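Residue numbering for the sequence shown follows UniProt numbering, beginning at 1 and increasing consecutively.
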Amino acid sequence: MLAPLSDDNLILDTDSYKSSHFLQYPPGTTRLFSYLESRGGKYPVTRFFGLQYVLDRHLTRRVTAEMVEEARTLIEAHGEPFPYDGWMRVVQVHGGRLPLEIRAVPEGLNVPIHNVLMSCTNTDPELPWLVGWFETMLMRVWYPTTVCTQSWHIREIIREALEKTSDRAAEELPFKLHDFGSRGVSSRESAGLGGLAHLVNFLGSDTLEALRAARNHYGADVAGFSIPAAEHSTVTSWGQQNEVEAYRNMVRTFGKPGGLYAVVSDSYDLKRAINVHWGETLRQEVIDSGATLVVRPDSGDPPAMVRLAVRALAAKFGTTVNRKGYQVLNHVRVLQGDGINEDTIRQILQNLLIDGFSAENVAFGMGGALLQKVDRDTQRFAYKASAGLIGGEYRGIYKDPVTDPGKRSKDGVLDLVLEDGRMVTRAYSTFDTDFPGSLMRTVFRNGELLVRDSLDEVRGRG
């Protein structure tokens, strides 16, 4: 039986061809400098997030001789050369700590596209190829940054609607976009990291893995919150003839004064559920409970179903007109968690305003579109070498393909600064700089995490 390979060998967390690159750089190369940027994409700014997790979870681990031997055996059998002496130098000279220096913008900062977000350089002149070796791992920060960016832009859409139509915009906003994405992502780690990226912007989540990641890597006690909620099985198991009893059970179990609970109500017929079961049979019991019932449509065209539900609930439970002149449902709210993306959110909010209802009447649950329907090209992330020391002389490094000018990379030792109130990337033609006026910080050096932000600090930068 074959011996299993370690799940924690960080040498193997790279692309295969990286193992041949130590033989490819020019003779006399002693230093390389690479950077990460969003080269464009869907949004004009990115909200940078997740590097601290990657560094804390992965790059702070020490390399051991056993890791080196395991990696050499596998990679050479795989068809690639392996820099054995270099990796053993990491073990023997550096005690297993990675001789790299990583600088980055503060997490939670909104940075316009086409700017440096992170940089990496080697601190051992014998090991410049390490800068490229860890591109694969460091590049994965595209995922939490893209989720965080999308979530933030949706927050701004909802914020605008709330500020126009609600007297309680600040209190309502943190719970208006709820993470339903845990079951729709490709891995447990994706659920944790993507879910945590969403919690930079909101407080509502059903992704427990995000709470684990937040506590372990960002010092958050409880990063997000949820409410009791029914699913189809807890309704349909009562039988269609007893649908109203399933709803009654929810009211009596969770309908406590000041409480909040959600009930999926389209297992059979949403109109009947609202107009008959909720709006007549259980209406007074819902009101007397002192809690807020959240009715959840879960099929059909999302904008149409929300419009139907809000209008029907208004007819049955009544509304109160707030100071801004918009109707707020009494005793009930609506949660739409099916088919939600940025476009349907815009349409639903637009319909509410057209009909004279406050945006506070509706919350959104977003699953795969929040955590899974993104990729590296959503914001066109790239990690490229931009400078080197070769034979003791500085050399700018860049690519400029004639077939795609948008892929031209930057040249120089890069930094992010403020100029006339704007964030701009500054390029130096030397490694001998202390980066005056920099917005970036040295967050990792020689195997140690130097900056550990709390989730509250990250949230405060948005």
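Note that the Cβ used here is the ideal one computed from N, Cα and C, for glycine as well. In this text the structure is predicted, and so the values were computed from the model without any measurement.
- Measuring C-alpha to C-alpha distances from residue 363 to each of 137, 24, 171 and 8 identifies 171 as the nearest.
- Boundaries of the beta strand (DSSP E) harbouring residue 334: 332-336, taken from the DSSP string.
- Annotated three-state conformation of residue 363 is strand, per DSSP.
- About 17 Å separates the beta carbon of residue 132 from that of residue 58, a gap too long to meet the 8 Å contact definition.
- Residue burial is scored here from C-beta neighbours: residue 418 has fewer than 16 other C-beta atoms within 10 angstroms and is therefore classed as exposed.
- Taking all protein chains shown into account, residue 26 has fewer than 16 neighbouring C-beta atoms within 10 Å of its C-beta and is therefore exposed.
- By the neighbour-count definition (other C-beta atoms within 10 Å, threshold 16), residue 354 is an exposed residue.
- A contact between stretches requires three or more CB pairs, one per stretch, nearer than 8 Å, and the region 66-84 fails this requirement with the region 152-163.
- For the region 269-351, the full-length beta strand (DSSP E) segments reaching 3 residues or more read 292-296, 319-321, 327-329 and 332-336 along the chain.
- Within the region 125-183, the runs of alpha helix (DSSP H) that reach at least 4 residues and sit entirely inside it are, in chain order, 130-133, 135-139, 142-165 and 169-172.
- By alpha-carbon distance to residue 89, the top candidate from 117, 113, 125 and 120 is 125.
- For residue 236, the uninterrupted alpha helix (DSSP H) segment begins and ends at 232-236.
- In its chain, beyond the 5 residues on either side, 408 have a beta carbon closer than 7 Å to the beta carbon of residue 400.
- In the structure shown, residue 107 adopts coil according to DSSP, grouped into three states.
- Of the candidates 295, 219 and 386, 386 places its Cα closest to the Cα of residue 118.
- Taking the Cβ atoms as the reference, residue 260 lies roughly 7 Å from residue 291, within the contact range of under 8 Å.
- Nearest to residue 359 by C-alpha distance, out of 366, 328, 341 and 375, is 328.
- At least 8 Å separates the beta-carbon of residue 34 from that of residue 428.
- Bridge partners of residue 396 according to DSSP: 387.
- The Cβ atoms of residue 246 and residue 296 do not sit closer than 8 Å to each other.
- With respect to the C-alpha of residue 454, the residue from 221, 231, 275 and 169 having the closest C-alpha is 221.
- Taking C-beta separations shorter than 8 Å and ignoring five residues to either side along the sequence, the partners of residue 54 in its chain run 137, 138, 140 and 141, following chain order.
- Counting along the chain, residue 415 sits inside no alpha helix (DSSP H); it lies in the beta strand (DSSP E) bounded by residues 413-419.
- Considered as a whole, the region 26-105 harbours 29-38, 45-47 and 100-104 as its complete beta strand (DSSP E) runs of no fewer than 3 residues, in chain order.
- For residue 204, the secondary structure class from DSSP, reduced to helix, strand or coil, is strand.
- The beta carbon of residue 30 sits closer than 7 Å to the beta carbons of 125, 128 and 389 from its chain, once the five residues preceding and following it are set aside; these are given in chain order.
- DSSP places residue 4 outside both helix and strand once states are collapsed to three, so it counts as coil.
- Residue 462 places its beta carbon less than 8 Å from that of residue 47.
- Around the beta carbon of residue 1, fewer than 16 other beta carbons sit within 10 angstroms, so the residue counts as exposed.
- Going by DSSP, residue 196 is part of the alpha helix (DSSP H) stretching over 188-199.
- By the Cβ neighbour-count rule, residue 310 is buried, with 16 or more other Cβ atoms within 10 Å of its own.
- Here residue 245 is not bridged, per DSSP, to any residue.
- By the beta-carbon neighbour count (other beta carbons within 10 angstroms, threshold 16), residue 44 is exposed.
- Residue burial annotation: residue 431 is exposed, with fewer than 16 other C-beta atoms found within 10 angstroms of its C-beta.
- For residue 422, the uninterrupted beta strand (DSSP E) segment begins and ends at 422-428.
- Within the model, the alpha-carbon separation for residue 348 versus residue 306 is close to 7 Å.
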